[in-house]
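A short worksheet on the structure shown next.
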Amino acid sequence: GTLLTGFLLAPLFDIDLVLRLTAAAVAVIGLAGLADARRGTIAGAVLAAILLAPPAPEPARPGETVFAGDTPFQRVEVVTRDGERWLYLNGCVHTHVTLEPPYRADTSYIAGFEMLPSFRPDARSLLVVGLGGGALLPLFDPEEYETTVVEIDPVVVRVARDHFRTLPEGIEVHIGDARPYLRRAGRGRDGRKWDLVALDVCDSDRMPEHLVTLEFFRELKQSIAPGGAMAMNSIGPTGGRSLAAFGATLREVFAHVTGYAVNPGGEITNVIWYASDEPLELSWAFYSTWEDAVYRTESGDILTDRWNPVNHWNAPVARRIRMTHDERY
22 GTLLTGFLLA PLFDIDLVLR LTAAAVAVIG LAGLADARRG TIAGAVLAAI LLAPPAPEPA
82 RPGETVFAGD TPFQRVEVVT RDGERWLYLN GCVHTHVTLE PPYRADTSYI AGFEMLPSFR
142 PDARSLLVVG LGGGALLPLF DPEEYETTVV EIDPVVVRVA RDHFRTLPEG IEVHIGDARP
202 YLRRAGRGRD GRKWDLVALD VCDSDRMPEH LVTLEFFREL KQSIAPGGAM AMNSIGPTGG
262 RSLAAFGATL REVFAHVTGY AVNPGGEITN VIWYASDEPL ELSWAFYSTW EDAVYRTESG
322 DILTDRWNPV NHWNAPVARR IRMTHDERY
């Protein structure tokens, strides 16, 4: 049931159909078990033996571990090495920040967000969805922007504040999932809107499916002020199906969409997507760095709440990233 659902049914069919098929399969298997109790006993013994097998030892991580803990969402580890503080989420690098002020991030994809303020120089409010180590925040002067952060994991918020020192006390922080938060914030005639939105919910090896769909982008657009712009971090094989789908889905919602590849010549790349209903003119200050990094896609799949197999498409990339336990792009 797990293998069939995770690797075949969910990527190929709507969730409602998958649930009906799964329910039918469970009923049939249950009847078969009642018909032959001995066979069920043998299967249970085999399963118990597998579950009791000792796990493989965790590979040693370079540097000094200053924090490690499990949360309802993930394993969080903070490591100090080479004059930087590193954040690992579920065993993969999320970000690393210098130990000395101004605590700038040395993570490759963070630089891709540096263009966001230039697209809307008159912006005064910022929404950051996905905090991690807080590496995005130093890109935005807190005196210039009224900043709101949404992060699902309270432990990550504490880690960003205590170990990375990237989260000033004056920044408004909401702990919870981004979709219900945006629905609550946007209710009523005077619902909240932001000039800029930075969506950084990408792990080192996967994307949260419910935050990269057509329905979510429509909800997010309602929270963007007229003329505002958003930026989204994504990951996948260069030229692959998942990155093309992100671009295609954004174009269903926004009039202007442009992607910039952090590692355009590599097998794996982060692409920072910019989207707005107003034109996105690249500032001259960024031409030399980003003009040749535009990520071009001709077409792509439209991702929806009912059908979104991006992590299925990215599975080979995710395996390679997890085998290294470090950055590969």
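Count along the sequence shown starting at 1, add 21, and that's the number in this note's numbering. Backbone N, C-alpha and C define an ideal beta-carbon position, used for all residues, glycine too. Here the structure is a predicted model, which is why all the values come from computation and not from measurement.
Original post:
Are there 16 or more other CB atoms within 10 angstroms of the CB of S244, so buried, or fewer, so exposed?
Top reply: buried
Original post:
Should L72 be labelled buried (16 or more other beta-carbon atoms within 10 Å of its own) or exposed?
Top reply: In this prediction, L72 has a pLDDT of 49, which is less than 50 and means its spatial position is unreliable; what the coordinates show is noted afterwards. Under this definition L72 is an exposed residue.
**OP:** Could you please give the first and the last residue of the uninterrupted alpha helix (DSSP H) stretch that includes F140?
**Re:** 137 to 140
Original post:
Taking C-beta to C-beta, are E135 and F307 nearer than 9 Å?
Top reply: yes
Original post:
Which residues mark the beginning and the end of the beta strand (DSSP E) in which V114 is found?
Top reply: 113 to 119
Original post:
Is G321 closer than 9 Å to T290 when the C-beta atoms are compared?
Top reply: In this structure, G321 does not lie closer than 9 Å to T290 by Cβ.
**OP:** Run the CB neighbour count on T263, radius 10 Å, all protein chains shown included, and call it buried at 16 or more, exposed below.
**Re:** The sequence shown places Ser at residue 263, not Thr. Classification of S263: buried, given that the 10 Å Cβ count is 16 or more.
Original post:
Leaving out the 5 sequence neighbours to the left and right, which residues in its chain are closer than 6 Å to F161 when beta-carbon positions are compared?
Top reply: L147
Original post:
Can you tell me whether E312 is buried or exposed, with buried defined as 16 or more other CB within 10 angstroms of its CB?
Top reply: With a 10 Å radius around the Cβ and a threshold of 16 neighbouring Cβ atoms, E312 comes out exposed.
Original post:
Any idea what DSSP makes of A219, helix, strand or coil?
Top reply: strand
**OP:** Give the secondary structure of T169 by DSSP, where H, G and I count as helix, E and B as strand, and everything else as coil.
**Re:** Here T169 sits in strand by DSSP.
Subject >> Buried versus exposed call for W294 [16 or more other C-beta atoms within 10 Å across all chains shown] >> reply: buried
Original post:
If you check the beta carbons only, do V194 and V176 fall under 9 Å apart?
Top reply: no
Original post:
Touch check for the segment 80 to 99 and the segment 197 to 207: three-plus C-beta pairs under 8 Å?
Top reply: no
Original post:
For the beta strand (DSSP E) that contains T290, what are its first and last residues?
Top reply: 289 to 297
**OP:** Have a look at L158, A219, C223 and flag the residue whose alpha-carbon is nearest the alpha-carbon of G191.
**Re:** L158
Original post:
Which ranges would you report for the alpha helix (DSSP H) in the segment 185 to 256 if only whole runs of at least 4 residues count?
Top reply: 199 to 206, 235 to 242
**OP:** With a 10 Å radius around its C-beta and 16 neighbouring C-beta atoms as the bar for buried, classify L68 as buried or exposed.
**Re:** With a pLDDT of 49 at L68, under the threshold of 50, the predicted position of this residue should be treated as unreliable, and no value is reported.
Original post:
Expressed to the nearest angstrom, what Euclidean distance is found between the alpha-carbon atoms of Y350 and A45?
Top reply: Unreliable positioning characterises Y350 in this predicted model, as indicated by a pLDDT of 38, which lies under 50. A coordinate reading is not provided.
**OP:** Name the one or two DSSP bridge partners that H333 has.
**Re:** None; H333 has no bridge partner.
**OP:** Could you have a look at P175 and say whether DSSP puts it in helix, strand or coil?
**Re:** helix
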